[in-house]
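Trainee: Under the UniProt record's numbering, the first residue of the sequence shown carries the number 1, and numbering increases by one thereafter.
Glycine included, C-beta positions come from ideal geometry on N, C-alpha and C.
This one's a predicted model, so the numbers in the text were calculated from it and none came from an experiment.
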Amino acid sequence: MTRSLFRVAPLALLLSGLSAAPLALAHPSLVRSTPAADATVAPASQIELQFSEKVMPRATRIELSMDHGRMKMAMPTTAQEISEDGHTLRARFAKPLPAGSYALQWRAVGQDSHPITGTYSFTVK
1 MTRSLFRVAP LALLLSGLSA APLALAHPSL VRSTPAADAT VAPASQIELQ
51 FSEKVMPRAT RIELSMDHGR MKMAMPTTAQ EISEDGHTLR ARFAKPLPAG
101 SYALQWRAVG QDSHPITGTY SFTVK
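1) Is it the case that the Cβ atoms of residue 37 and residue 120 are separated by a distance below 7 angstroms?
2) Just to confirm before moving on: does the CB-CB distance between residue 49 and residue 89 stay below 7 angstroms?
3) Which residue marks the beginning of the beta strand (DSSP E) containing residue 104, and which one marks its end?
4) Please determine, among 41, 26 and 57, the residue with the shortest C-alpha to C-alpha distance to residue 107.
5) Return the chain-ordered list of same chain residues with a C-beta closer than 8 angstroms to the C-beta of residue 41, the five sequence neighbours on each side being excluded.
6) Which of the three DSSP states is assigned to residue 57 in this structure?
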(Lines of atoms letter the chains of each structure in order from A and count residues from 1; the text may use other names and numbers.)
(Lines give C-alpha, C1' and ligand atoms only; values in the text may rest on other atoms or scores of the structure.)
Protein backbone atom coordinates (compact mmCIF):
# COMPACT_ATOMS: atom_id res chain seq x y z
CA MET A 1 0.00 0.00 0.00
CA THR A 2 2.79 2.42 0.90
CA ARG A 3 4.68 1.71 -2.34
CA SER A 4 1.63 2.43 -4.49
CA LEU A 5 1.10 5.69 -2.61
CA PHE A 6 4.69 6.74 -3.41
CA ARG A 7 4.03 5.99 -7.10
CA VAL A 8 0.71 7.81 -7.31
CA ALA A 9 1.57 10.89 -5.23
CA PRO A 10 4.12 12.41 -7.69
CA LEU A 11 1.73 11.87 -10.60
CA ALA A 12 -1.14 13.49 -8.71
CA LEU A 13 1.07 16.44 -7.81
CA LEU A 14 2.17 16.88 -11.43
CA LEU A 15 -1.40 16.76 -12.74
CA SER A 16 -2.65 19.26 -10.17
CA GLY A 17 0.15 21.65 -11.16
CA LEU A 18 -0.72 21.35 -14.84
CA SER A 19 -4.38 22.09 -14.24
CA ALA A 20 -3.51 25.30 -12.36
CA ALA A 21 -1.03 26.53 -15.00
CA PRO A 22 -3.63 28.09 -17.34
CA LEU A 23 -4.98 30.19 -14.47
CA ALA A 24 -1.55 31.56 -13.68
CA LEU A 25 -0.93 32.48 -17.31
CA ALA A 26 -4.22 34.32 -17.84
CA HIS A 27 -3.97 37.84 -19.25
CA PRO A 28 -6.45 40.66 -18.72
CA SER A 29 -8.91 41.10 -21.54
CA LEU A 30 -11.16 44.05 -22.30
CA VAL A 31 -14.66 43.16 -21.09
CA ARG A 32 -16.51 46.45 -21.65
CA SER A 33 -15.75 49.96 -22.81
CA THR A 34 -17.58 53.28 -22.63
CA PRO A 35 -17.86 54.47 -25.32
CA ALA A 36 -18.09 51.08 -26.98
CA ALA A 37 -16.13 50.12 -30.09
CA ASP A 38 -17.65 51.54 -33.29
CA ALA A 39 -20.29 53.46 -31.31
CA THR A 40 -21.57 56.95 -32.08
CA VAL A 41 -21.98 58.89 -28.84
CA ALA A 42 -22.77 62.32 -27.44
CA PRO A 43 -19.82 64.42 -26.25
CA ALA A 44 -18.32 62.99 -23.06
CA SER A 45 -15.37 63.93 -20.86
CA GLN A 46 -14.55 60.42 -19.63
CA ILE A 47 -13.65 57.01 -21.07
CA GLU A 48 -13.93 53.76 -19.10
CA LEU A 49 -12.34 50.42 -19.90
CA GLN A 50 -13.27 47.40 -17.78
CA PHE A 51 -10.93 44.39 -17.73
CA SER A 52 -11.45 40.73 -16.82
CA GLU A 53 -8.94 40.90 -13.97
CA LYS A 54 -7.05 43.43 -11.88
CA VAL A 55 -4.60 45.58 -13.81
CA MET A 56 -1.47 47.36 -12.61
CA PRO A 57 -2.12 51.12 -12.25
CA ARG A 58 1.31 52.40 -13.33
CA ALA A 59 1.45 50.23 -16.45
CA THR A 60 -2.14 50.50 -17.70
CA ARG A 61 -3.13 53.46 -19.87
CA ILE A 62 -4.91 54.78 -22.94
CA GLU A 63 -3.93 57.07 -25.77
CA LEU A 64 -6.68 58.79 -27.70
CA SER A 65 -6.34 60.56 -31.03
CA MET A 66 -8.85 62.39 -33.18
CA ASP A 67 -8.74 61.83 -36.93
CA HIS A 68 -8.51 65.20 -38.62
CA GLY A 69 -8.20 64.56 -42.34
CA ARG A 70 -4.77 63.06 -42.91
CA MET A 71 -3.59 64.21 -39.51
CA LYS A 72 -4.15 62.62 -36.14
CA MET A 73 -4.49 64.96 -33.21
CA ALA A 74 -3.58 63.61 -29.76
CA MET A 75 -6.24 64.16 -27.10
CA PRO A 76 -4.40 64.45 -23.78
CA THR A 77 -6.11 63.25 -20.61
CA THR A 78 -6.19 65.23 -17.38
CA ALA A 79 -6.24 62.04 -15.29
CA GLN A 80 -6.06 58.27 -15.72
CA GLU A 81 -6.95 56.18 -12.68
CA ILE A 82 -7.79 52.61 -11.76
CA SER A 83 -10.97 51.83 -9.80
CA GLU A 84 -10.81 50.48 -6.24
CA ASP A 85 -11.46 46.91 -7.41
CA GLY A 86 -8.56 47.20 -9.89
CA HIS A 87 -10.61 46.17 -12.94
CA THR A 88 -11.56 49.54 -14.49
CA LEU A 89 -9.43 52.29 -16.04
CA ARG A 90 -11.03 55.74 -16.13
CA ALA A 91 -9.53 58.47 -18.30
CA ARG A 92 -10.77 62.03 -17.92
CA PHE A 93 -10.47 64.97 -20.28
CA ALA A 94 -10.53 68.70 -19.43
CA LYS A 95 -13.55 69.26 -21.70
CA PRO A 96 -16.07 67.01 -23.44
CA LEU A 97 -14.62 65.53 -26.62
CA PRO A 98 -15.60 67.53 -29.72
CA ALA A 99 -17.48 65.97 -32.63
CA GLY A 100 -15.27 63.73 -34.76
CA SER A 101 -13.81 60.26 -35.26
CA TYR A 102 -11.50 58.87 -32.58
CA ALA A 103 -8.97 56.05 -32.36
CA LEU A 104 -8.29 54.66 -28.89
CA GLN A 105 -5.22 52.57 -28.08
CA TRP A 106 -5.03 50.83 -24.72
CA ARG A 107 -2.37 48.93 -22.84
CA ALA A 108 -3.10 46.82 -19.77
CA VAL A 109 -0.75 44.85 -17.56
CA GLY A 110 -2.23 42.19 -15.30
CA GLN A 111 -0.86 40.38 -12.29
CA ASP A 112 1.34 38.22 -14.55
CA SER A 113 3.16 41.43 -15.72
CA HIS A 114 2.63 40.75 -19.42
CA PRO A 115 1.38 43.78 -21.38
CA ILE A 116 -1.72 43.32 -23.52
CA THR A 117 -2.73 45.97 -26.07
CA GLY A 118 -5.75 46.77 -28.18
CA THR A 119 -7.35 49.45 -30.31
CA TYR A 120 -10.82 50.50 -31.29
CA SER A 121 -12.61 53.48 -32.83
CA PHE A 122 -15.70 55.48 -31.97
CA THR A 123 -17.39 58.66 -33.15
CA VAL A 124 -18.64 61.69 -31.21
CA LYS A 125 -21.60 63.43 -32.86
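Mentor: According to the structure shown:
1) As a working note, residue 37 is residue 37 in the sequence shown. As a working note, residue 120 is residue 120 in the sequence shown. Against a cut-off of 7 angstroms, the Cβ pair of residue 120 and residue 37 comes out as a contact.
2) For this step, residue 49 is matched to residue 49 along the sequence shown. For this step, residue 89 is matched to residue 89 along the sequence shown. Yes. Within cutoff.
3) Position 104 of the sequence shown, counted from the start, is the residue given in the question as residue 104. Start and end: 100-109.
4) Against the sequence shown, residue 107 aligns to sequence position 107. Closest by alpha carbon: 57.
5) For this step, residue 41 is matched to residue 41 along the sequence shown. So the list reads 35, 122, 123, 124 and 125, once near-sequence residues are dropped.
6) On the sequence shown, residue 57 is found 57 positions in, with the first residue counted as 1. Reduced to three states, the DSSP call for residue 57 is helix.
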